[in-house]
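Here the structure is laid out as structure tokens; the discussion comes afterwards.
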Amino acid sequence: MDLELSHEQKLLVTTVRNFIANELHPLEGIVEANGVLARDDAQRIFEKSRALGLYAMNVPEEFGGGGLSALDTMLVEEQFGHTSDILVRRAFGNVYEVLLSCRGAQIDRWLKPCAAGERTCSIAFTEPEAGSDAAAIRTRAVRKGDRWVLNGGKHFISDGLFSDFFVVTAVTDPAAGHRGISLFLVDKGLTGFTIGRDQKMMGLRGTSHVGLSFSDVELEDVHLLGSEGEGLKLALSVLGRVRLAQVGARSVGKATRILGLTLDHARERRQFSKALGEFQMVQQMLADSAIEINAARLALWQTAMEIDRGIDPRERISLVKVQASETLGRVADRAVQIFGGMGYCKDLPIERYFRDARIYRIFDGASEIHRTVIARSLMKGSTATFDPYAQ
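Numbering (UniProt numbering), first residue to last: 1 to 391.
Okay, here's the thing in structure tokens:
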């Protein structure tokens with residue numbers, strides 16, 4: 001295993017990191033204070049990012065994206081963790097890879113415009129009774145003649161106020177269990193489709209989290225994404241990559257930024273005539289954070305490399321999701337402790353990082369769910385996550 005990044009990879013990371021520092025960091029405090037990103041600011045960072053070729057980097061070149069490998073995508077996503085999620089969405093896009101299942105007219109109607117930044121998509125899988133259990137959805141799509149009729153609802157749909165279409169899971173064959181779920185591309189504005197209230201959150205300022213309601217929404221066959229009945233399979237495949245990128249990689253990036261700010265404070269803050277970082281208890285917290293970030297990053301890179309080699313990543317994605325999200329939580333908690341009272345104040349961004357970090361152990365599958373996935377795999381005889389030498 002060669003863990004040395006190529007010149008091109010280092011240049012990619014540096015370019016993205018500098019863009020975030022120069023263009024996005026100055027907007028973080030504004031978004032936190034106002035709760036929204038101004039339309040002019042959103043348009044400006046989008047245009048600058050697209051001009052540099054940084055928009056939709058995970059999408060193949062044939063559809064207008066950057067065509068990055070899994071590892072390159074995770075390197076970029078780690079840098080995305082250095083800023084607010086809403087700024088990442090507006091500057092770099094949020095093109096879910098499930099859209100790569102588009103075929104025929106769907107490519108020009110949904111995929112390519114999304115990769116170009118002309119349209120914006122949100123994933124609508126979660127329901128009040130179906131969070132981590134994606135197969136427990138109740139939203140129904142019933143075929144009537146040459147059309148589908150969609151009824152039901154979703155909640156906690158991220159960026160739902162801004163997005164103009166949604167990838168929606170719906171039951172099309174109740175008797176088939178998890179094989180009776182299909183995916184649909186649903187445009188905002190269709191008759192019977194309404195956007196509910198924006199659920200206010202503890203963190204993630206600037207990003208809406210809305211409910212969706214479908215009442216006899218009529219859809220054509222072109223709205224069916226993939227084949228009928230393979231919706232859960234497609235949903236779980238995209239959720240895996242989302243978990244690795246938007247939770248695993250971004251958690252590593254956020255933890256890295258938090259530790260960097262904490263180190264600056266530990267060097268500059270003086271107590272009892274010496275730097276705070278000279279106290280052994282503080283040194284232990286700093287060292288533990290560095291150890292855990294390094295371990296999470298290596299697990300992330302290993303998983304991305306295996307994806308690029310065509311290896312099934314499900315177990316490792318669960319491992320990285322738990323490891324990285326919980327590392328982020330501990331690093332953020334130590335940062336508040338080291339900053340002391342000022343770490344609890346809104347004058348500094350540390351308290352915001354602490355609030356934002358908490359959700360990473362919940363969304364895209366709670367830590368408990370992913371531990372169950374790992375344990376079940378172990379009980380079935382898989383040792384790849386801990387003993388690569390076993391036969």
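We treat Cβ as the ideally placed atom computed from N, Cα and C, and that holds for glycine.
- Query: On the three-state DSSP scale, how would you describe D308?
  - Reply: helix
- Query: Distance, Cα to Cα, K112 vs S213?
  - Reply: 27 angstroms
- Item | Simplified DSSP assignment, three categories, for D387 | coil
- Item | Buried versus exposed, by CB contacts within 10 Å (16 or more), L332 | The sequence given here has Ala at residue 332, not Leu. Answer is buried; the Cβ neighbour count reaches 16.
- In chain order, what residues of the same chain lie with their CB nearer than 6 angstroms to the CB of E292, ignoring the 5 residues before and after it? T327
- CA-CA distance, V76 and V16? 7 angstroms
- Take the Cβ of K254 as the centre, count every other Cβ of all protein chains shown within 10 Å, and call the residue buried at 16 or more, exposed below. buried
- Query: How many Å lie between L87 and G381 at the Cα?
  - Reply: 42 angstroms
- Task: Could you tell me whether the segment 17–36 touches the segment 62–74, using the rule of 3 or more Cβ pairs below 8 angstroms?
- Result: no
- Message: How far does the beta strand (DSSP E) with A124 in it extend, from its first residue to its last?
- Response: C121 to A124
- Message: Taking a contact to mean a Cβ-Cβ separation below 8 angstroms, would you say I181 touches I137 in this structure?
- Response: yes
- Query: For the candidate residues M201, G341, R147 and L259, whose alpha-carbon lies nearest to that of D159?
  - Reply: M201
- Message: As a quick exercise: from V95, A175, L232 and R358, pick the residue whose alpha carbon is nearest that of V59.
- Response: V95
- Query: Can the beta-carbon of F184 be found less than 8 angstroms from the beta-carbon of A175?
  - Reply: no
- Task: Would you be able to state if there are at least three C-beta pairs under 8 angstroms between the segment 43–55 and the segment 5–20?
- Result: yes
- Would you call R267 buried or exposed, if buried means 16 or more other Cβ atoms sit within 10 Å of its Cβ? exposed
- Using DSSP with H/G/I as helix, E/B as strand and the rest coil, what is K188? coil
- Message: Using 8 angstroms as the threshold, is the C-beta distance between T73 and A245 below it?
- Response: yes
- Start and end of the alpha helix (DSSP H) containing A38? No alpha helix (DSSP H) contains A38, which DSSP labels as neither H nor E.
- Is the Cβ-Cβ distance between S164 and T191 less than 8 angstroms? Looking at the sequence shown, residue 164 is not Ser but Asp. Their beta carbons are not under 8 angstroms apart, which means D164 does not touch T191 by this criterion.
- Near R243, which residues of its chain fall below 6 angstroms by C-beta distance, leaving aside the five closest residues on each side in sequence? I317, K321 and D364
- Candidates M281, L298 and S208: which alpha carbon is nearest L3's? L298
- Run of the alpha helix (DSSP H) containing T194, from where it starts to where it stops: From DSSP, T194 is part of no alpha helix (DSSP H) but of the beta strand (DSSP E) over F193 to D198.
- Opposing strand residues paired with N151 [DSSP bridges]: R140
- Query: Between which two residues does the alpha helix (DSSP H) harbouring F354 extend?
  - Reply: I350 to R358
- Message: Per DSSP, what are the beta-bridge partners of K274 in this structure?
- Response: Q271
- Would you kindly report the start and end of the unbroken alpha helix (DSSP H) that includes S318? R314 to F339
- Message: Could you give the first and the last residue of the continuous alpha helix (DSSP H) run that contains L234?
- Response: G231 to V242
- Message: Give me the DSSP bridge partner(s) of L225.
- Response: L183
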